[in-house]
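See structure below.
In the numbering used here, the protein residues as written are -15 to 96.
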């Protein structure tokens, strides 16, 4: 049976800084949508944990840094795929367009 998602997601390899009341870690985002992301990490917070993510998107001249808030909604413990699914809160206006543009560009590149 096909997986049903509320938003299209894309495979990526993006640097991110994850902050919660428990820790601050540098990680790699392995998939991204307009609603959330999966952060690869050996450190796993509990579902429901409120977090802040500084996500680094590639830019024309220099990287674009997005400050996003959200919550951990899923934890994966598989040795080759440990990490956390994070659902974003309402995206701030200054993050919405750069994220959408990045996702359009990345989706287009994947089709080439």
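All C-beta atoms in this analysis are idealised placements derived from N, C-alpha and C, irrespective of residue type, glycine included.
Every value quoted in this text rests on a predicted model; they were computed, and no experiment measured them.
For the structure I just gave you, are there three or more beta carbon pairs, one from the stretch 38 to 50 and one from the stretch 64 to 73, closer than 8 Å?
no
Between 19, 27, 83 and 52, which has its C-alpha nearest residue 35's C-alpha?
The residue you call residue 35 lines up with position 51 of the chain shown. Ranking 19, 27, 83 and 52 by Cα distance to residue 35 puts 52 first.
Range of the contiguous beta strand (DSSP E) that encloses residue 46
Here residue 46 refers to the residue found at position 62 of the chain shown. First-last for residue 46: undefined, no H or E at that position.
Kindly list the residues whose CB is nearer than 7 Å to the CB of residue 60, restricted to its own chain and excluding five residues on each side of it in sequence; keep chain order.
What you label residue 60 is simply residue 76 of the chain shown in a count that begins at 1. Taken in chain order, the residues that qualify are 66 and 67.
Taking buried to mean at least 16 other C-beta atoms within 10 Å of its own C-beta, is residue 25 buried or exposed?
Stepping through the chain shown from its first residue, residue 25 is reached at position 41. Residue environment for residue 25: buried (at least 16 other C-beta atoms within 10 angstroms of its C-beta).
Rounded straight-line distance, which links the Cα of residue 76 to that of residue 88
Counting from 1 along the chain shown, the entry for residue 88 is found at position 104. Counting from 1 along the chain shown, the entry for residue 76 is found at position 92. Cα-Cα distance, rounded: 18 Å.
By how many angstroms is the C-alpha of residue 4 removed from the C-alpha of residue 91?
Within the chain shown, the letter at position 107 stands for residue 91. Within the chain shown, the letter at position 20 stands for residue 4. C-alpha separation (whole angstroms): 30 Å.
Beta-carbon contacts of residue -6 that lie in its chain and below 8 Å, excluding the five residues immediately before and after:
Taking the first residue of the chain shown as 1, we reach residue -6 at position 10. Result list for residue -6: 15, 16, 17, 87, 90, 91 and 94, in chain order.
Checking the sheet assignment: what are the DSSP bridge partners for residue 92?
Reading the chain shown from its first residue, position 108 is the one you call residue 92. According to DSSP, which records beta bridges pairwise, residue 92 is partnered with nothing at all.
Write down the C-beta distance between residue 33 and residue 74 rounded to the nearest angstrom, noting that I regard them as a contact closer than 8 Å.
Locating residue 33 in the chain shown gives position 49, where the first residue counts as 1. Locating residue 74 in the chain shown gives position 90, where the first residue counts as 1. Not quite, the Cβ-Cβ distance comes to about 18 Å (not below 8 Å), so this is no contact.
In chain order, which beta strand (DSSP E) runs of at least 3 residues are fully inside the stretch 55 to 95?
67 to 72
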